[in-house]
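Take our numbering: the last position of the sequence shown gets the number 479, and nothing is skipped along the way.
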Amino acid sequence: MQDLKFSNSNIRVWNPDRTDLEQTLLSHQEHLIEGRTEQDVLYELLIKRGIDLAVPIESRNASGKEVYSIGYGVLFACLDESIVQADVENVAQGILKWYGELSPSSDTHVFFRDSAFSNDIAKTNMAAILEQNGITHVRSL
339 MQDLKFSNSN IRVWNPDRTD LEQTLLSHQE HLIEGRTEQD VLYELLIKRG IDLAVPIESR
399 NASGKEVYSI GYGVLFACLD ESIVQADVEN VAQGILKWYG ELSPSSDTHV FFRDSAFSND
459 IAKTNMAAIL EQNGITHVRS L
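What follows is the structure, encoded as structure tokens:
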């Protein structure tokens with residue numbers, strides 16, 4: 339049984355300082371608040387998506403990254419802090435294999451930590467691989 343407590347959000351609020359946009363952008367390179375665990379972020383994601391907290395949550399390892407399946411594949415999440423280009427294909431294939439095994443009855447959404455990707459190319463490649471294989475809702479936090 340999981341013990342959950344109300345707290346502040348794990349995700350930084352976008353509140354730009356119009357007089358210093360450069361500093362605002364630099365301070366928001368990491369959208370998640372430092373010190374929060376993957377579990378903290380995962381449960382907030384479930385709450386914000388309106389997903390029942392009692393649905394099954396499973397995890398598997400894909401290329402050394404923890405991947406979560408929520409609600410039998412309705413949602414997947416990989417909240418690792420680092421995904422380099424060399425990891426992209428294996429992580430994507432791990433998610434796709436699991437997605438195929440679960441064969442969810444509704445649209446699947448996949449979430450990643452935005453700052454995890456080493457560059458925009460890695461992020462774009464991840465989204466493209468998943469989308470080419472039927473997962474069209476790929477988002478980052």
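Don't be surprised by glycine CBs; every beta carbon is placed ideally from N, CA and C. Since this is a predicted model, take the numbers as computed values, not measurements.
For the region 392-468, list the alpha helix (DSSP H) runs that are entirely contained and at least 4 residues long, ordered along the chain.
Listed in chain order, they are 423-440.
Which same chain residues, not among the five before or five after D452, have their C-beta less than 8 angstroms away from its C-beta?
Counting only Cβ-Cβ distances below 8 angstroms, and skipping sequence neighbours, we find H369, K461, S478 and L479.
Among S420, F414 and S441, which has the Cα closest to the Cα of I395?
F414
Rounded to whole angstroms, what's the CA-CA distance from G402 to S456? Just pull it up for me.
16 angstroms
Take the Cβ of H447 as the centre, count every other Cβ of all protein chains shown within 10 Å, and call the residue buried at 16 or more, exposed below.
buried
Whose CA, out of G388, W436 and E376, lies closest to the CA of A454?
A454 has its Cα closest to that of E376, out of G388, W436 and E376.
Going by the CB atoms, is the gap between C416 and V512 shorter than 8 angstroms?
Outside the displayed range of the chain (339 to 479) lies residue 512, so it cannot be described from this structure.
Closest to Q286 by C-alpha separation, out of E382, A466, L380 and G388, would be which residue?
Residue 286 lies beyond the stretch modelled for the chain, which goes from 339 to 479, so this question has no answer here.
Among residues of its own chain, excluding the 5 on either side of F450, which ones have a beta-carbon nearer than 6 angstroms to its beta-carbon?
C416 and S478
Determine the extent of the alpha helix (DSSP H) in which R387 is found, giving its start and end residues.
Per DSSP, R387 belongs to the alpha helix (DSSP H) from E376 to R387.
If you drop the 5 nearest sequence neighbours on each side, which residues of the same chain put their C-beta closer than 7 angstroms to that of D445?
H475
Report yes if the CB atom of L440 is closer than 8 angstroms to the CB atom of G411, and no otherwise.
yes
Round the Cβ separation of I433 and L468 to the nearest angstrom and send it over; I've been treating them as touching at under 8 angstroms.
7 angstroms
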